[in-house]
Amino acid sequence: MRVEDLVASEASDQQLNEEQLQASANELTKALRSAAQRSNAPYVICICPPSSGVSNRPDSLGICERVQSSLSSQLTGIKGVSLVAASELLQLYPVEKYTDEYAWRVGHIPYTTPFFNALATMIARRICVLRSAPYQVIVADCDQTLWNSAQLASKKVGEPYRAVQEFLIAQQQSGKILCLVGTNSKESVESALASGMPLESQHIADMRIDDRHSCTASFRPRAGSTLPVALLGLRFWLSVCGENTINVQKSLHRYCYAALHSGGDHALNRIHRDTAHIGTDAI
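All you need for this note's numbering is the position in the sequence shown, starting with 1, plus 3.
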């Protein structure tokens, strides 16, 4: 839905009435609250960006933004209602040209095909999250995923690695259990965690570091593990794309596996997008 469509109007450049828009937004909130109380089915509400007719008029755009803020605030508090804001959608899928003036003129279709593709993907992901149990444990591969040993030797972390570490710390602080796995030596991992980078040993609940076995083989339930077996069944595996990606995915068919894109410091923006996607899907 578009906020401007809460009040019927044939002309996209017509002056908006804030009072009418807000009243319609309140009615929508009331209806959704009532429906959510009567049904166990989740509701996904996507607030789409405004038309160019609204965007090109500062007064109309301001009205839409205020009503959208009010609507978002009200919907966020309703159990069973999942909200996707336009800003969230465009941040994850930055479609430069999303309005289609010709399609709107001849068929009242407001957006371009790339935007509809992005919208459909976002809705599908949100439905997948709503239908799935949340992941409680994140297993991160140390090797070239969280740091680069050569950089650490010169007291540098590297921005892509820092971005991944800060993402994992935020997940740990939100209640997720963070574990490390790797084929390094345990001493080298402990040294890295004590080197002053953002990620430290206090963030880690368990480690499986074994230079004799593969990463996937080393992280299996075992006697003396600090993690409950029940939690070990809800795992999310984070690693970097590489030659072993396919083998890892086959070995981790019961995990949710995410492969970050490598490539040095120039891959920073891609790393930020990768972790943003993961965070949005509520691991």
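We put the beta carbon where it would ideally sit given N, CA and C, even for glycine.
For Trp150 and Ala173, what's the separation of their Cα atoms in angstroms? As a first step, residue 150 must be located in the sequence shown, where it is residue number 147. As a first step, residue 173 must be located in the sequence shown, where it is residue number 170. Approximately 17 Å between the Cα atoms of the pair.
Is it right to say Gly110 is buried, meaning 16 or more other beta carbons lie within 10 angstroms of its own, or is it exposed? Your numbering for residue 110 matches position 107 in the sequence shown. Gly110 is exposed by the Cβ-count criterion.
On the criterion of 16 or more Cβ atoms from any shown chain inside 10 Å, does Gly80 qualify as buried, or is it exposed? If you number the sequence shown from 1, residue 80 lands on position 77. In this structure Gly80 is exposed. Its beta-carbon is surrounded by fewer than 16 other beta-carbon atoms within 10 angstroms.
Is there contact between the stretch 52 to 69 and the stretch 98 to 108, where contact requires at least three CB pairs shorter than 8 Å? As far as the Cβ criterion goes, the stretch 52 to 69 touches the stretch 98 to 108, which means the pair count is three or higher.
For Val6, the three-state DSSP class (helix, strand or coil): In the sequence shown, the residue the question calls residue 6 occupies position 3. Val6: helix per DSSP, three-state reduction.
Taking the C-alpha atoms as reference points, what is the distance between Thr102 and Val70? Position 99 of the sequence shown holds residue 102. Position 67 of the sequence shown holds residue 70. C-alpha separation (whole angstroms): 21 Å.
Alpha carbon to alpha carbon, how far is Glu21 from Arg5? Taking the sequence shown and counting its residues from 1, the one referred to as residue 21 is at position 18. Taking the sequence shown and counting its residues from 1, the one referred to as residue 5 is at position 2. In this model, Glu21 and Arg5 are separated by some 14 Å (Cα to Cα).
Can you grab the Cα-Cα spacing for the pair Pro224 / Ala88, in whole Å? Along the sequence shown, read from residue 1 onward, the residue named residue 224 stands at position 221. Along the sequence shown, read from residue 1 onward, the residue named residue 88 stands at position 85. Any reading at Pro224 is ruled out, since the residue's pLDDT is 49, under 50, leaving its predicted position unreliable.
If contacts are defined as beta-carbon pairs under 8 Å, then Leu48 and Leu78 qualify, I think. What distance do you get, rounded to the angstrom? Position 45 of the sequence shown, counted from the start, is the residue given in the question as residue 48. Position 75 of the sequence shown, counted from the start, is the residue given in the question as residue 78. With the sequence shown as reference, residue 48 is identified as Ile, and Leu is not the correct amino acid for it. About 6 Å separates the two Cβ atoms, so the contact holds.
Pull up the DSSP beta-bridge partners for Leu86, would you. For this step, residue 86 is matched to residue 83 along the sequence shown. Beta-bridge pairing links Leu86 to Ile48.
Going by the DSSP bridge assignment, what does Gly185 pair with across the sheet? In the sequence shown, residue 185 corresponds to position 182, counting from 1. DSSP lists Ile212 as partners of Gly185.
Can you tell me whether Thr102 is helix, strand or coil according to DSSP? Position 99 of the sequence shown, counted from the start, is the residue given in the question as residue 102. Here Thr102 sits in strand by DSSP.
Tell me which residue opens and which closes the alpha helix (DSSP H) that Ile66 is part of. Reading the sequence shown from its first residue, position 63 is the one you call residue 66. Where Ile66 is concerned, the enclosing alpha helix (DSSP H) stretches over 61 to 79.
So, do the stretch 127 to 135 and the stretch 194 to 210 have three or more beta carbon pairs nearer to each other than 8 Å? The answer is no - the stretch 194 to 210 does not touch the stretch 127 to 135, with fewer than three Cβ pairs under 8 Å.
Cβ-based burial, Pro113 [other Cβ within 10 Å; buried from 16]: As a working mapping, residue 113 is identified with position 110 in the sequence shown. Pro113 comes out buried.
Pro201 and Glu162: beta carbons closer than 8 Å? Here residue 201 corresponds to residue number 198 of the sequence shown, with the count starting at 1. Here residue 162 corresponds to residue number 159 of the sequence shown, with the count starting at 1. Against a cut-off of 8 Å, the Cβ pair of Glu162 and Pro201 comes out as no contact.
Along the alpha helix (DSSP H) that carries Ala28, what are the first and last residues, could you check? Position 25 of the sequence shown, counting from 1, holds the residue named residue 28. It spans 21 to 41 - the alpha helix (DSSP H) in which Ala28 sits, taken as one unbroken run.
So what does Trp2 bridge to, in DSSP terms? Nothing can be reported for residue 2, as the shown portion of the chain is limited to 4 through 286.
Between Ser191 and Val142, what straight-line distance do the alpha-carbon atoms span, to the nearest angstrom? By 1-based counting over the sequence shown, the position of residue 191 is 188. By 1-based counting over the sequence shown, the position of residue 142 is 139. Each residue's alpha carbon lies about 18 Å from the other.
Bridge partners - Tyr114, DSSP secondary structure assignment: Start at 1 with the first residue of the sequence shown, and residue 114 comes out as number 111. Answer is Thr102, bridged to Tyr114.
Return helix, strand or coil for Gln207, following the three-state DSSP convention. If you number the sequence shown from 1, residue 207 lands on position 204. The identity of residue 207 in the sequence shown is Ile, whereas the question assumes Gln. Note: Ile207 maps to coil in three-state DSSP.
What number of angstroms, rounded off, separates the C-alpha of Leu35 from the C-alpha of Val84? Stepping through the sequence shown from its first residue, residue 35 is reached at position 32. Stepping through the sequence shown from its first residue, residue 84 is reached at position 81. Rounded to the nearest angstrom, the two C-alpha atoms are 8 Å apart.
In terms of residue numbering, what span does the alpha helix (DSSP H) encompassing Ala173 cover? Counting from one through the sequence shown, the residue named residue 173 turns up at place 170. Run containing Ala173: 162 to 176, per the alpha helix (DSSP H) assignment.
Quick check: what's the CA-CA separation for Ala166 versus Ala136? As a working note, residue 166 is residue 163 in the sequence shown. As a working note, residue 136 is residue 133 in the sequence shown. If I take the Cα positions, the gap works out to 26 Å.
What residues are listed by DSSP as bridge partners for Ile180? The count along the sequence shown starts at 1 and reaches residue 180 at position 177. DSSP lists Val140 as partners of Ile180.
Sub-8 Å separation of Ile50 and Ser27 beta-carbons: If you number the sequence shown from 1, residue 50 lands on position 47. If you number the sequence shown from 1, residue 27 lands on position 24. In this structure, Ser27 does not lie closer than 8 Å to Ile50 by Cβ.
Chain-order list of residues whose beta-carbon lies under 7 Å from that of Pro45 (same chain, five-residue window excluded): The count along the sequence shown starts at 1 and reaches residue 45 at position 42. Once the five neighbours on either side are set aside, the close Cβ partners of Pro45 are Gly83, Ser85, Leu133.
Return the residue from the list Ala153, Ser73, Leu19 that minimises the CA-CA distance to Asn29. One-based indexing of the sequence shown puts residue 29 at position 26. Residue Ser73 is the option with its Cα nearest to Asn29.
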